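Everything in the sequence shown is counted per the working numbering, starting at 1322 for the first residue and increasing by one. Taking it in order: structure first as structure tokens, then the write-up.
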Amino acid sequence: MSASVALLFGVHAHQPAGNFPRVLEEAHAHCYRPFLETVYRYPQFRFALHFSGPLLDYLLRQHAADMALLARMVERGQVELFGAGDAEPVLAAIPNRDRLGQIAKLSRKLAARFGHAPEGAWLTERVWEATVVPALVDCGIRYVTVDDYHFLASGKSVAELDGYFTTEEDGRRLDLFPISEALRYRIPFALAEESVAYLEGLAREPGPTAAIYFDDIEKFGIWPETYAWVYEKGWLREFIERVLGSRKITTQTFGEYRDRVRARGVVYLPTTSYIEMNEWTLPARAAHAYADLVEREKRAGSYEVSKAFLRGGIWKNFVSRYPEANWMHKRMLALSERLARLPAAQRTEEMHALLYAAQANDAYWHGLFGGLYLPHLRRAVYAALLELERTLDRLDPRAASQCLDLDLDGIDELFLRNADLQAVVKLDGSAAVLELDAYALAQNFGDTLRRHAEHYHRRVLGGPAAAPQGGGIASAHDRLDLKHDVGAADLEADAAARTLFRDAWVGAQGDLQPLNGYDLRRVDGASVTFGAARGDATLQKEIALSGNRIGVGYRYTGAFDASGNCGFESAIDLAMPSCDGPGAHYLYRDVVAGGLGQPLELEGMSELVLVDNFMGGSLTLRSNPPAALRARPCYTVSQSEGGFEKIMQSVTLTLAWPLDAAHANMDLTLEIRKHPA
């Protein structure tokens, strides 16, 4: 028997919930359609394909001809469709009842449209925890793909990873295919000829030997330079033709290979994800140390031996690292629990769809591909959460106030609510609002993101873009492109969260002393009162909801010069869906005063309107007595496959008053309106 290798080729297709329609259309035109049209011409090229549920729904609805092409490839046995959680959740991050529901939902969808329920599944971001095994198996999944790194971290060698292994958890068996990192970095970036030569070099006699590739389809047309490379210059066509023309390579689906070849044995994998993810999960200082260690090992020529033991973080570190992700995650878990407690007769498919949409992974993490830094992705999560919460409140009303430590950080939060609004106040001494929800707009105006220190910041201010190796193109992992001008000031981390009604004393030299000494005095329905003392002077702060308005009142008593301060200010960070786009602007005295991405300064401001046409609503801020107002956009520096970019997270409105008898009583209101359709 001649030496041979079975190529198990798979691609994963996903677009985040909440992504812009133009992005979806561009992805279809530059990736999904040309990929399907190309592989359709080669019936003998067998491969696996996973579409996340929302993307599949979109393509079935908007591009039925392409999905009909896919259906014909499934029918003729060329394509094996993989399942997963429908809304592309990280299964390890959601309750088991929701794992079961999400996996079953996508499997039903695939069976109904393409005639086959999947036996293989894609693990979102290849995040592995043994706890997900029972839900997968109970939903009919028999095998999944994970990185070869997972196996190396359990003590396996690269030479052993030419087939699949079996694991078990709670009496359920699941087979595991190790994805080759070497192939991930070659396909489609190296020359097609070089990639096929590498595959042929894996052929063994007598076999059977497998070369396993499963990665993002977006590498085939959406990543920088890849559309021209893969389609216009013919990389994909050449690769397929060379594979099919090789005497050493056969193509099989994962299911076919598993039916013909026995498992290599039993394995138990540690909790991990792909090797790049394990770096991204670490806080900046730890990530610096980890990256430096990896670089030292590479320079010493020992990295390939030691990398299995150079463990970074795990995916759930994102939730503990970013308070914004943690808060969103715990809000999701709480609503999942509320939904599960409802009588079965009251639970609907629509409610579960909202919950599942809120579990989509993209907005919970940040790396080269994660979307925590993208406001429109977080907004999609909150829109689903708030619509679900509004529905649950109609069926099972909550009290006007509730105090608990929802995010498990050791500090309680106070929830104030009525039928229109919800405000969440952090009881950390700041008496600031961390979440402000308008149910009619399904918008959380507290959905901002502070500027965090990031490992990649040290790369932003220097370093050339990577050059392609061996005649191919550079991977997004190796590129260094700046989409915007970024300076050192843009990379400074915030000292505190960006909240609403965040107060500070103003010194004689304009220096700020954050007011973090508020004590909780009284909760009365949907209102709360705090007090702060400074010498013989006291400051009372009341936050109250009334209809579609949130009011904040300040009452100062005592000698005005006793504090040594000459002023008082309150900062309000507002998450506006249009950000610095053309759909939003300030209205001052019935005149447009600029866009939300522009600076604005007003003296004696008593009323300012923020209009957001994308949201379909507006906010009216009123101050009595009038205040000096300074408005600035807040930007963070993010990384993506397209390069480093500045993204507007919120508009910061700072209101300031002198500290004198005329300003002993100050009242602010935010009125939130939904515009007629």
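We put the beta carbon where it would ideally sit given N, CA and C, even for glycine. As the structure is a prediction and not an experimental result, all values here were calculated from the model.
Q: Would you mind working out which of R1771, P1835, L1976 sits nearest E1956, comparing C-alpha positions?
A: To locate residue 1956, count along the sequence shown from 1; it is residue 635. One point to set straight first is that residue 1956 is Tyr, not Glu, in the sequence displayed. Cα-wise, what sits closest to Y1956 is R1771.
Q) Just reading off the beta strand (DSSP E) that F1372 is part of, what are its end residues? A) The count along the sequence shown starts at 1 and reaches residue 1372 at position 51. It spans 1368-1372 - the beta strand (DSSP E) in which F1372 sits, taken as one unbroken run.
Q: Go through its chain and collect everything with a Cβ distance to F1935's Cβ below 6 Å, but skip five positions before and after it.
A: Residue 1935 sits at position 614 when you count from the first residue of the sequence shown. P1898, S1899, G1904.
Q. DSSP on S1623, reduced to helix/strand/coil?
A. On the sequence shown, residue 1623 is found 302 positions in, with the first residue counted as 1. The answer is coil: DSSP assigns S1623 none of H, G, I, E or B.
Q. Does DSSP classify P1835 as helix, strand or coil?
A. Here the question's residue 1835 lines up with position 514 in the sequence shown. DSSP places P1835 in strand when its eight states are reduced to three.
Q) With a cut-off of 8 Å, do at least 3 Cβ pairs link the stretch 1838-1858 to the stretch 1958-1970? A) no
Q) Among L1929, L1942, I1893, which one has its Cα closest to the Cα of R1910? A) As a first step, residue 1910 is located in the sequence shown; it is residue number 589 there, counting from the start. R1910 has its Cα closest to that of L1929, out of L1929, L1942, I1893.
Q: Could you tell me whether the stretch 1744-1764 touches the stretch 1814-1830, where touching means 3 or more Cβ pairs closer than 8 Å?
A: yes
Q: Check each candidate in W1443, P1527, A1433 and name the one with the smallest Cα separation from V1326.
A: Position 5 of the sequence shown, counted from the first residue, corresponds to residue 1326. When each option's Cα is compared against that of V1326, the closest is P1527.
Q. Helix, strand or coil: which one does DSSP assign to T1769?
A. Within the sequence shown, residue 1769 is the residue found at index 448, counting from 1. Three-state result, T1769: coil.
Q) Helix, strand or coil for Q1301 per DSSP? A) Outside the modelled stretch of the chain, which goes from 1322 to 1998, sits residue 1301, for which no answer is possible.
Q) Where does N1340 fall in DSSP's three states? A) On the sequence shown, residue 1340 is found 19 positions in, with the first residue counted as 1. DSSP places N1340 in coil when its eight states are reduced to three.
Q) For H1351 versus I1561, is the C-beta spacing smaller than 7 Å? A) Here residue 1351 corresponds to residue number 30 of the sequence shown, with the count starting at 1. Here residue 1561 corresponds to residue number 240 of the sequence shown, with the count starting at 1. Not a contact, by the Cβ cut-off of 7 Å.
Q: Locate the beta strand (DSSP E) running through Q1861, then write down its first and last residues.
A: Here residue 1861 is taken as the residue at index 540 of the sequence shown, counted from 1. It spans 1858-1867 - the beta strand (DSSP E) in which Q1861 sits, taken as one unbroken run.
Q: Could you check the C-alpha separation between S1478 and L1520 for me, to the nearest Å?
A: Stepping through the sequence shown from its first residue, residue 1478 is reached at position 157. Stepping through the sequence shown from its first residue, residue 1520 is reached at position 199. Taking the straight line joining both Cα atoms gives about 18 Å.
Q. What span of residues does the beta strand (DSSP E) with P1604 cover, start to end?
A. Here residue 1604 refers to the residue found at position 283 of the sequence shown. Careful: P1604 lies outside any beta strand (DSSP E) and carries neither H nor E.
(Q) Assuming contact is defined by CB atoms lying nearer than 7 Å, are S1594 and P1416 in contact in what I supplied? (A) Translated into positions along the sequence shown, residue 1594 becomes position 273. Translated into positions along the sequence shown, residue 1416 becomes position 95. Their beta carbons are not under 7 Å apart, which means S1594 does not touch P1416 by this criterion.
Q: Would you kindly report the start and end of the unbroken beta strand (DSSP E) that includes L1328?
A: Along the sequence shown, read from residue 1 onward, the residue named residue 1328 stands at position 7. L1328 -> beta strand (DSSP E) spans 1326-1334.
Q) Near C1887, which residues of its chain fall below 8 Å by C-beta distance, leaving aside the five closest residues on each side in sequence? A) Looking up residue 1887 in the sequence shown gives position 566. V1827, G1828, A1829, P1979, L1980, listed in sequence order.
(Q) For V1588 and T1487, I'd like the C-alpha separation in whole angstroms. (A) Locating residue 1588 in the sequence shown gives position 267, where the first residue counts as 1. Locating residue 1487 in the sequence shown gives position 166, where the first residue counts as 1. Approximately 6 Å, taken between the alpha carbons.
(Q) As an exercise, report each continuous beta strand (DSSP E) stretch of at least 3 residues that is fully enclosed by the stretch 1388-1469, in chain order. (A) 1400-1402, 1441-1443, 1464-1468
Q) Is C1887 helix, strand or coil when you go by DSSP? A) Walking along the sequence shown from the start, residue 1887 turns up at place 566. Looking at C1887 - three-state DSSP - the assignment turns out to be coil, as it is neither helix nor strand.
Q: Would you list the one or two residues that DSSP bridges to H1906?
A: Within the sequence shown, numbered from 1, the residue matching residue 1906 stands at position 585. In DSSP, H1906 forms a bridge with G1916, V1932.
Q. Does DSSP put R1876 in a helix, in a strand, or in coil?
A. The sequence position of residue 1876 within the sequence shown is 555, counting from 1. Residue state, collapsed to three classes: strand.
Q: Would you grab the beta carbon distance between T1769 and A1892 for me? Rounded to a whole angstrom, and I think it's under 8 Å.
A: For the purposes of this step, residue 1769 is taken as residue 448 along the sequence shown, with counting starting at 1. For the purposes of this step, residue 1892 is taken as residue 571 along the sequence shown, with counting starting at 1. No, T1769 and A1892 are not in contact; Cβ-Cβ is about 11 Å, not under 8 Å.
Q: Give the secondary structure of Y1363 by DSSP, where H, G and I count as helix, E and B as strand, and everything else as coil.
A: Counting from one through the sequence shown, the residue named residue 1363 turns up at place 42. Coil.
**Q.** Straight-line gap, T1571 to L1663 (C-alpha atoms, nearest Å)
**A.** Against the sequence shown, residue 1571 aligns to sequence position 250. Against the sequence shown, residue 1663 aligns to sequence position 342. One C-alpha to the other measures close to 52 Å.
**Q.** Range covered by the beta strand (DSSP E) that runs through F1965
**A.** The sequence position of residue 1965 within the sequence shown is 644, counting from 1. That run of the beta strand (DSSP E) goes 1964-1979.
**Q.** Cβ neighbours of A1674 in the same chain (closer than 8 Å, five flanking residues each side left out)
**A.** The residue given as residue 1674 occupies position 353 in the sequence shown. Same-chain partners within the cutoff: there are none.
Q: Ignore the nearest five residues each way along the sequence and tell me which others in Y1363's own chain have a CB closer than 7 Å to its CB.
A: The sequence position of residue 1363 within the sequence shown is 42, counting from 1. For Y1363, where only same-chain residues beyond five positions count, the Cβ hits under 7 Å are I1561, L1565.
Q) Which residue from K1747, P1455, E1708 puts its Cα closest to that of D1726? A) Translated into the one-based positions of the sequence shown, residue 1726 becomes position 405. Of K1747, P1455, E1708, the residue nearest in Cα terms is K1747.
Q. From A1513 to T1941, what does the alpha carbon distance come to, in whole angstroms?
A. What you label residue 1513 is simply residue 192 of the sequence shown in a count that begins at 1. What you label residue 1941 is simply residue 620 of the sequence shown in a count that begins at 1. Computed Cα separation, rounded: 59 Å.
Q.
Would the stretch 1678-1692 count as touching the stretch 1713-1720 if we require 3 or more Cβ pairs under 8 Å?
A. no
Q. Run through DSSP, which three-state label would V1781 get?
A. As a position in the sequence shown, residue 1781 is number 460, starting the count at 1. Looking at V1781 - three-state DSSP - the assignment turns out to be helix.
Q: Quick one: residues in its chain with C-beta nearer than 6 Å to the C-beta of S1848, no 5 flanking neighbours on either side, listed in chain order?
A: By one-based count along the sequence shown, residue 1848 stands at place 527. Cβ within range, chain order: A1865.
Q) With which residues is R1953 paired in a DSSP beta bridge? A) Taking the sequence shown and counting its residues from 1, one reaches residue 1953 at position 632. According to DSSP, R1953 bridges with T1973.
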